[in-house]
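For the sequence shown, the numbering used here begins at 61 and goes up steadily by one. Cβ coordinates follow ideal geometry from the N, Cα and C atoms, glycine included. Just so you know, these numbers come straight off a predicted model, no measurement behind them. Worksheet for the structure shown next.
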Amino acid sequence: MINRILPLKRLLTFLLLFNASYSYSIANQAVVAPFMWQIKTEKANLYLVGSIHALNETFYPLAPAYLDAFDSVNKLVVELNILALNPIDAQKHIAALTWLDEDETLANLFNDKEISQLQPFAERKGMDMQTFLRLRPWLILEMISSYQFAQTDFQTALGVDQFFIKRAQQKAKTVLELETLEEQINAINGASLSAQTAAISLALSQLDQGQEQLTQMATLWQSADAKGLDEYSQKDLIEQPNIAPLMSQLLYKRNQVMASRIQTYLETGGSYFVVVGALHLSGSQSVQSHLKKVGYEMVKVLP
Numbered sequence: 061m062i063n064r065i066l067p068l069k070r071l072l073t074f075l076l077l078f079n080a081s082y083s084y085s086i087a088n089q090a091v092v093a094p095f096m097w098q099i100k101t102e103k104a105n106l107y108l109v110g111s112i113h114a115l116n117e118t119f120y121p122l123a124p125a126y127l128d129a130f131d132s133v134n135k136l137v138v139e140l141n142i143l144a145l146n147p148i149d150a151q152k153h154i155a156a157l158t159w160l161d162e163d164e165t166l167a168n169l170f171n172d173k174e175i176s177q178l179q180p181f182a183e184r185k186g187m188d189m190q191t192f193l194r195l196r197p198w199l200i201l202e203m204i205s206s207y208q209f210a211q212t213d214f215q216t217a218l219g220v221d222q223f224f225i226k227r228a229q230q231k232a233k234t235v236l237e238l239e240t241l242e243e244q245i246n247a248i249n250g251a252s253l254s255a256q257t258a259a260i261s262l263a264l265s266q267l268d269q270g271q272e273q274l275t276q277m278a279t280l281w282q283s284a285d286a287k288g289l290d291e292y293s294q295k296d297l298i299e300q301p302n303i304a305p306l307m308s309q310l311l312y313k314r315n316q317v318m319a320s321r322i323q324t325y326l327e328t329g330g331s332y333f334v335v336v337g338a339l340h341l342s343g344s345q346s347v348q349s350h351l352k353k354v355g356y357e358m359v360k361v362l363p
């Protein structure tokens, strides 16, 4: 989402991160296949591409099918064009959603161990714990995510979406956005406090797993294993059922909106290369499933 990094082990890495059960070297051993589908109509040609928003150099070069498809279209569509964000506007959105109401606190929603784990994050912000625990949970998740990400060799600059945004700029292609920054923040902030704090508790139990988690997630993506991604994403829900409302906000509701906006592109006509987080293209409630319900046919792009 905001930094494209990792607040949780499987689901809540802003829909990108999964628990590792493979060694780091597996990334280089994976079958390389495009995580991509094509939809063709009389008016439109659209590629639907699963992205990992942070990678390291071992996952490059990308499969040639990605580049061939991208070069054949006129427009790139991403969730949010990070490179085009206005920092002043972004700060205004964040500032408006920083604090809980005056009579609210997260203090009673964490156990003593979790409070202790949160202490260093408060200190980095120059806050006492009483003040820190009045922050909205989505911001605390972002802090934990940033901490985990800093311990890895993955870079958002090497993420799939940023790779194609830069390529679009080089080739003077139009770049469109499926979402706004405000919509992305609201996706996580809109869930109940209990769901968000459950996500924080889960994230705190996984602080040292960032490198392994990102490697596993990227390996599944590199192998175009949509089923594996979907199955893996459900494990967090099994471990912490209270995150279910947040899962719905971050994934299922956004999938519906994305599919509706993609349908508009198809109805308008033209050629598009649409890049969204890979988990949005996995499972029974994926973007593709919504498009199929309204009559669109698609084919999986092969290596």
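Distance from LYS103 to GLY329 at the Cβ level is roughly 3 angstroms; contact confirmed, criterion being Cβ atoms closer than 8 angstroms.
Annotated three-state conformation of THR216 is helix, per DSSP. Cβ atoms of GLN215 and VAL92 stay farther apart than 8 angstroms, at about 20 angstroms. Under the three-state reduction of DSSP, GLY329 is assigned to coil, being neither helix nor strand.
GLN211 carries a coil assignment under DSSP once its states are collapsed to helix, strand and coil.
By the Cβ-count criterion, GLN151 is exposed, with fewer than 16 other Cβ atoms from all chains shown falling within 10 Å of its own Cβ.
Taken atom to atom, the span from the alpha-carbon of ALA114 to that of LYS353 is near 31 angstroms.
The C-beta separation of ILE303 from ALA258 comes to about 5 angstroms, placing the pair in contact by the 8 angstroms criterion.
Beta-bridge partners assigned by DSSP to SER111: GLY337. Inter-residue distance for GLU357 and ASP172 is about 52 angstroms (C-alpha atoms, whole angstroms). Partner residues in the beta bridge of LEU106, as assigned by DSSP, are ILE99 and TYR332. Pairwise C-beta distances place the stretch 218-229 out of contact with the stretch 265-274, as fewer than three of them are shorter than 8 angstroms.
Looking from the CA of GLU299, the closest CA among LEU262, PHE170 and LYS233 belongs to LEU262.
Considering only GLU239, GLN190 and GLU183, the residue with the shortest C-alpha distance to LEU310 is GLU239.
GLU237 carries a strand assignment under DSSP once its states are collapsed to helix, strand and coil. One Cα belongs to SER320, the other to LEU351, and the distance between them is close to 8 angstroms.
For LYS152, the secondary structure class from DSSP, reduced to helix, strand or coil, is helix. Here the alpha carbon of ASP285 sits roughly 8 angstroms from the alpha carbon of PHE95.
The alpha-carbon of LEU341 is positioned some 8 angstroms away from that of ASN315.
For VAL138, the uninterrupted beta strand (DSSP E) run begins and ends at 135-138, by DSSP.
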